[in-house]
Amino acid sequence: MRWTTRPETAADEGAVRAVVEAAFPTAEEADLVDALRGDAAWQPGLSMVAETPGGRVAGYALLTRCGVGGSGALALAPVAVLPEHRRRGAGGAAVRAVLAAAAGRPGERLVVVLGHPEYYPRFGFVRASSLGISAPFEAPDEALMALVLDGRGPVPSGTIAYPAPFGV
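Here is the structure:
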């Protein structure tokens, strides 16, 4: 299936919440998205939806501002897909779109994600530890990953500082 991707609009908030709630066992991730919308970490244009040919929001990916060792970075979370559209490319389309949008912005150098180690490497993510990046909490080494968007100059290293809505 071919997915249409675009930035989330205010009119999409309910549909995005429904996708995120359907993708996770609790509403915690959907609450996180709602909290991030009102936080300084929110980056307009870095919240992407993937739509079915009929225009229904089926996938979602969000990048918000975080820090790594005192330098600016982006955190990819959450990525969500309606259960009936899993394994059909909706999540991948949303992830590719949001990463492309970030890569097109001057000064965006790094994205971090805590997720499935079998999934995110297809987008270029590597173990964050290989770049000297760590989480502020216990996390499996293979699940904490990073993607360098701009390889000019040194890549930030150190501990990730998530925005307050993440609660860490």
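Reading the sequence shown from the start, the letters are residues 177 to 344 in the numbering used here. Ideal Cβ placement from N, Cα and C applies to all residues, glycine included. Please read these numbers as outputs of a predicted model, since none were measured by experiment.
Check: Which residues in the same chain have their Cβ closer than 6 Å to the Cβ of Glu197, if we skip the five residues on either side of it in sequence?; Outcome: Ala203 and Ala206
Check: Which residue marks the beginning of the beta strand (DSSP E) containing Leu212, and which one marks its end?; Outcome: Per DSSP, Leu212 belongs to no beta strand (DSSP E); it is in the alpha helix (DSSP H), Glu204 to Arg213.
Check: Run the CB neighbour count on Phe313, radius 10 Å, all protein chains shown included, and call it buried at 16 or more, exposed below.; Outcome: exposed
Check: Using the beta-carbon count (16 or more within 10 Å), is Gly267 buried or exposed?; Outcome: buried
Check: Hey, quick one: how far does the alpha helix (DSSP H) through Val274 stretch, first residue to last?; Outcome: Ala266 to Ala279
Check: Tell me the DSSP secondary structure of Leu258 in three-state form.; Outcome: coil
Check: Verify whether the separation of the beta carbon atoms of Leu252 and Val289 is less than 7 Å.; Outcome: yes
Check: Count the other CB atoms within 10 Å of the CB of Ser306; is the residue buried (16 or more) or exposed (fewer)?; Outcome: exposed
Check: Where does the unbroken beta strand (DSSP E) through Arg182 begin, and where does it stop?; Outcome: Thr180 to Pro183
Check: Gln219: which of Ala256, Arg298, Arg241 and Glu227 sits nearest, CA to CA?; Outcome: Arg241
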